[in-house]
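All residue numbers in the sequence shown are consecutive under this note's numbering, ending with 147.
Report on the structure given below.
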Amino acid sequence: MSYVVIDTNILYSLVQISPNPKVSASNIKSYQLATTTATLIEAISKFRGDLQSLQACLHPIVNEEYTLLSVGHAPLSNEVIKAIFNAGNLSEVQDVIDQVVSFKISREAEFLRFVLIEPVSYLMSSNCF
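Here it is as structure tokens:
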């Protein structure tokens, strides 16, 4: 069976958080689905104040309905996933969620530095101006 790697919007549609008619009408469920740790980090950041939505996003991973692909620059441990999934309320996992959000922000800042600052520094040092 072929794998399809889904992004955040497709995940949100499949778990009924934000249904999309195009996803619903597609044959995507006939494939083995996978998602990435980067997608889960994005979901945790977006729904950090909504435990029910967080748990809906994590459900197919915890129940092994979808394969989780670990992305090197955006790791997420099984312990973090299970802690959020098994939490009875947000206060139980607020520190864990805050750590994930802080990690996401730091990685985005590093990426922005690489994409914007490094090339600009190079241009300025090469006397292009």
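Glycine is no exception: its CB is placed at the ideal position from the N, C-alpha and C atoms.
By the 16-neighbour rule on beta-carbons within 10 angstroms, VAL98 is buried. Burial is judged here by how many other beta carbons sit within 10 angstroms of a residue's own beta carbon; ALA43 has fewer than 16 and is exposed.
Annotation: TYR140 is outside any beta strand (DSSP E); the continuous alpha helix (DSSP H) that includes it extends over 136-143. About 14 angstroms separates the beta carbon of ALA101 from that of ILE59, a gap too long to meet the 8 angstroms contact definition. Here DSSP, grouped into helix, strand and coil, assigns TYR49 to coil.
Across the structure, GLN73 and GLN117 are spaced so that their CA atoms are roughly 17 angstroms apart. DSSP assignment within the stretch 40-88 yields the following whole alpha helix (DSSP H) runs of 4 residues or more, N-terminal first: 55-64, 69-80.
Beta-bridge partners assigned by DSSP to TYR21: GLN50. Take the alpha-carbon of ARG131 and the one of ARG66: they are about 26 angstroms apart. Rounded to whole angstroms, the separation of the alpha carbons of TYR84 and SER31 is 14 angstroms.
By the neighbour-count definition (other C-beta atoms within 10 Å, threshold 16), LEU141 is an exposed residue. Non-local C-beta neighbours of ALA105 in its own chain, meaning closer than 7 angstroms and more than five positions away in sequence, comprise LEU69, VAL111, ordered along the chain.
Residue environment analysis places ILE28 among the buried positions, since at least 16 neighbouring C-beta atoms fall within 10 angstroms of its C-beta.
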